[in-house]
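Reading through the structure tokens given below for one structure.
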Amino acid sequence: MSLAEASEARKARLTALRKRKDGEITEADGTAQPLIKNRNFDPESRTLKKHKVDDTVMEDTVENRVKGMAEQIIADDEQRRAQELDVFNIAPKRPNWDLKRELDKKLAKLEWRTQEAIHTLIRQRLAAQKGESDDIVGAMNAQERQNAAESLSDDEDE
1 MSLAEASEAR KARLTALRKR KDGEITEADG TAQPLIKNRN FDPESRTLKK
51 HKVDDTVMED TVENRVKGMA EQIIADDEQR RAQELDVFNI APKRPNWDLK
101 RELDKKLAKL EWRTQEAIHT LIRQRLAAQK GESDDIVGAM NAQERQNAAE
151 SLSDDEDE
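Residue numbers (UniProt numbering): 1 to 158.
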């Protein structure tokens, strides 16, 4: 088969496909007849098919669920825009809440040291009242001696 014959055969196939696509059938004698597609034609009864209208409405579909939702969202948005902006709802109730948040850690340490100092003062006053010393300076010295003695006993234990 030469190139020219192959080209002619291909052209013939392409024209036949084009005619089939357009709906024409070529007979052996060269006449073209329209192709009957059975979309709307019933070959058994030789009549047109009647279209059946399906009026069944599906209850649970996405379209039915979101029906009217866009209008509702737009209406809600317009209503929010129409309301006056209340500055008191935006601002914090206490203007120094962020400062208190940062200082809580530092205040916890100071609170512990304050309590420790109060306990020391109370011990000194109690020691002064028992008669170990008449003044607070003597009570403080007694407290220091007691702390030193405790630290020495701790060192001996180790």
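Yeah, the Cβ is synthetic: ideal placement off N, Cα and C, and Gly gets one too.
In the DSSP assignment, what residue or residues form a beta bridge with T47? Mapped onto the sequence shown, residue 47 falls at position 47. In the DSSP output, where bridge partners are listed per residue, T47 has D42.
Where the alpha helix (DSSP H) containing V62 begins and where it ends: Numbered from 1 along the sequence shown, position 62 holds the residue referred to as residue 62. Run containing V62: 62-65, per the alpha helix (DSSP H) assignment.
If I'm right that Q143 touches Q124 with Cβ under 8 angstroms, what's the distance once you round it to whole angstroms? Along the sequence shown, one-based indexing puts residue 143 at 143. Along the sequence shown, one-based indexing puts residue 124 at 124. Confirmed, Cβ separation roughly 6 angstroms.
Going by DSSP in three states, S151 sits in which element: helix, strand or coil? Translated into positions along the sequence shown, residue 151 becomes position 151. In the structure shown, S151 sits in a helix (DSSP, three-state: H, G or I).
Please look up how many angstroms separate the CB atoms of F41 and K49, rounded, as I've assumed it's under 8 angstroms. In the sequence shown, the residue the question calls residue 41 occupies position 41. In the sequence shown, the residue the question calls residue 49 occupies position 49. With 8 angstroms as the limit, F41 and K49 qualify as a contact, their Cβ atoms being about 7 angstroms apart.
Specify, as a first and last residue, the run of the alpha helix (DSSP H) that S7 falls within. Counting from 1 along the sequence shown, the entry for residue 7 is found at position 7. First-last of the alpha helix (DSSP H) with S7: 3-22.
Reduced DSSP category for N96 - H, G, I as helix; E, B as strand; rest coil: Locating residue 96 in the sequence shown gives position 96, counting from the first residue. Note: N96 maps to coil in three-state DSSP.
Quick one: what does DSSP say E71 is sitting in, helix, strand or coil? Residue 71 sits at position 71 when you count from the first residue of the sequence shown. Helix at E71.
Beta-carbon within less than 7 angstroms of T61's beta-carbon, same chain only, minus the 5 sequence neighbours each way: which residues are those? Within the sequence shown, the letter at position 61 stands for residue 61. No residues qualify anywhere along the chain.
Within 10 angstroms of the Cβ of A127, are there 16 or more other Cβ atoms? Answer buried if so, exposed if not. What you label residue 127 is simply residue 127 of the sequence shown in a count that begins at 1. By the 10 Å Cβ count, A127 comes out buried.
Taking the alpha-carbon positions, what's the K19 to A9 distance? On the sequence shown, position 19 is the one that residue 19 refers to. On the sequence shown, position 9 is the one that residue 9 refers to. Rounded to the nearest angstrom, the two C-alpha atoms are 15 angstroms apart.
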